[in-house]
Amino acid sequence: MATIFTKIINREIPANIVDENDYAIAFMDIRPLQKGHTLVVPKMEVDRLFNLPEDVYSELWNFARRVANAVEKTVDCNRVGVTVYGLEVPHAHIHLIPILQEGDMDFKHPMDGVKAEDIAEMAKAISRNLVD
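Shown next as structure tokens:
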């Protein structure tokens, strides 16, 4: 059965997509830890990141760097934190999280009251800051 991420990739369910290429897609996390929290997901459905074929793994990280640079241009932060975390979705993914201080990447404390329209606007803002 396809994961929720595969359904997003196949456009079966909506998401606030930031960018995509042949290997990966980036979209906004619906339970962000910080403003600008973005997920980078390989289009190949693999449960564990390190099980990706080497070429796809390399392409994924190159793509993640491109998206992270756009996030950093968009959101006021000290840097973009990176983590591979989560067992809820059996599809490898990378979290890009803008951080100001330690503790900003605590998955036990997602942001409260985030509006869907704010997440959509953030996706558009990050997309505008992508550099080829």
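Heads up: the sequence shown is residues 21 to 152, going by the working numbering. All C-beta atoms in this analysis are idealised placements derived from N, C-alpha and C, irrespective of residue type, glycine included. This one's a predicted model, so the numbers in the text were calculated from it and none came from an experiment.
Would you list the residues sitting across from residue i in a DSSP beta bridge?
{"i": "R99", "result": "I119"}
{"i": "D39", "result": "A46"}
{"i": "I139", "result": "For I139, which the question treats as bridged, DSSP gives no partner whatsoever."}
{"i": "I33", "result": "Per DSSP, none; premise fails for I33."}
{"i": "I114", "result": "V60"}
What residue range does the beta strand (DSSP E) around residue i cover?
{"i": "I88", "result": "Residue 88 is actually Ala in this sequence, not Ile. Careful: A88 lies outside any beta strand (DSSP E), inside the alpha helix (DSSP H) at E74 to T94."}
{"i": "T58", "result": "T58 to P62"}
Does the distance from the CB of residue i to the CB of residue j come in under 8 Å?
{"i": "L116", "j": "V134", "result": "no"}
{"i": "N36", "j": "F47", "result": "yes"}
{"i": "V102", "j": "I114", "result": "yes"}
{"i": "N149", "j": "K93", "result": "yes"}
{"i": "N98", "j": "L80", "result": "no"}
{"i": "N89", "j": "V151", "result": "yes"}
Hey, residue i and residue j are a contact pair by Cβ (cut 8 Å); roughly how many whole angstroms apart?
{"i": "A145", "j": "F83", "result": "So it is not a contact: roughly 19 Å between Cβ atoms."}
{"i": "V16", "j": "V104", "result": "Here the chain covers residues 21 to 152 and nothing more, so residue 16 does not appear."}
{"i": "K161", "j": "P130", "result": "A query on residue 161 cannot be resolved here, the shown segment of the chain reaching from 21 to 152 and no further."}
{"i": "T23", "j": "V38", "result": "With a Cβ gap of about 19 Å, T23 and V38 do not count as contacting."}
{"i": "D132", "j": "L53", "result": "So it is not a contact: roughly 11 Å between Cβ atoms."}
{"i": "V66", "j": "A112", "result": "5 Å"}
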